[in-house]
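Asker: Quick one: this structure, given as structure tokens, is what I'll be asking you about.
Numbering (the numbering used here), first residue to last: 13 to 158.
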């Protein structure tokens, strides 16, 4: 804190960052979540500083964990709405989770296909004659012409 500061700005900075720091995100990310509607707009102090509710840290943590599991911000918006319901939304959340598992499995299959192709191309490159063209570049050219 600088000399002459009342301390209000310093306390605000600490409170403002706490909402994101626990979940490992920065202030700009928390503000982005606000703009996207994932976080409620916080009240403002008379000086205009954001004043987050006590549960803001839990909400940021929820959002971050859902992102870490591959949920998009749109999907997280739905999960947050389901979380706020009075009645149990477990069946809906389970369906969304199973859909996400299927998406992850498709991505894994695609990555495995890419890995096999890259290994095959690398093996061709290793077996080439020193004066011949690069088989990897040739394969990429063929894909472009197709």
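Beta carbons are placed, not taken as given, at the ideal position from N, Cα and C, and that holds for glycine.
Helix or strand or just coil, what does DSSP make of residue 55?
Answerer: If DSSP states are grouped into helix, strand and coil, residue 55 belongs with the strands.
Asker: Could you check where the alpha helix (DSSP H) with residue 99 kicks off and where it finishes?
Answerer: First-last for residue 99: undefined, no H or E at that position.
Asker: Rounded to whole angstroms, how far is the Cβ of residue 52 from the Cβ of residue 62, which I believe are closer than 8 Å?
Answerer: Wrong, their Cβ atoms sit about 11 Å apart, outside the cutoff.
Asker: In whole angstroms, what separates the C-alpha of residue 87 from that of residue 66?
Answerer: One C-alpha to the other measures close to 24 Å.
Asker: Between 142, 50 and 134, which has its C-alpha nearest residue 172's C-alpha?
Answerer: No answer is possible for residue 172: the residues shown for the chain start at 13 and end at 158.
Asker: Here's the rule I'm using: 16 or more other beta-carbon atoms within 10 Å means buried, otherwise exposed. How should residue 118 be labelled?
Answerer: Exposed: under 16 other Cβ atoms inside 10 Å.
Asker: Would you call residue 72 buried or exposed, if buried means 16 or more other Cβ atoms sit within 10 Å of its Cβ?
Answerer: Classification of residue 72: buried, given that the 10 Å Cβ count is 16 or more.
Asker: In chain order, what residues of the same chain have a beta carbon less than 6 Å from the beta carbon of residue 18, not counting five sequence neighbours either side?
Answerer: In this prediction, residue 18 has a pLDDT of 46, which is less than 50 and means its spatial position is unreliable; what the coordinates show is noted afterwards. There are no such residues.
Asker: Helix, strand or coil for residue 20? Go by DSSP, reduced to three states.
Answerer: For residue 20, the predicted model reports a pLDDT of 46, less than 50, meaning its position is unreliable and no value from the coordinates is stated.
Asker: From residue 140 to residue 152, what does the alpha carbon distance come to, in whole angstroms?
Answerer: Distance between the alpha carbons of residue 140 and residue 152 is about 16 Å.
Asker: Suppose contacts are defined by Cβ-Cβ distances below 8 Å. Is residue 82 in contact with residue 112 by that definition?
Answerer: Yes, these two residues count as a Cβ contact at 8 Å.
Asker: Please state whether DSSP places residue 77 in a helix, a strand or coil.
Answerer: Residue state, collapsed to three classes: helix.
Asker: Tell me which residues share the same chain as residue 16 and place their Cβ nearer than 8 Å to its Cβ, disregarding the 5 neighbours each side in the sequence.
Answerer: A caution first: residue 16 carries a pLDDT of 42, below 50, which makes its placement in the model too unreliable to give a value.
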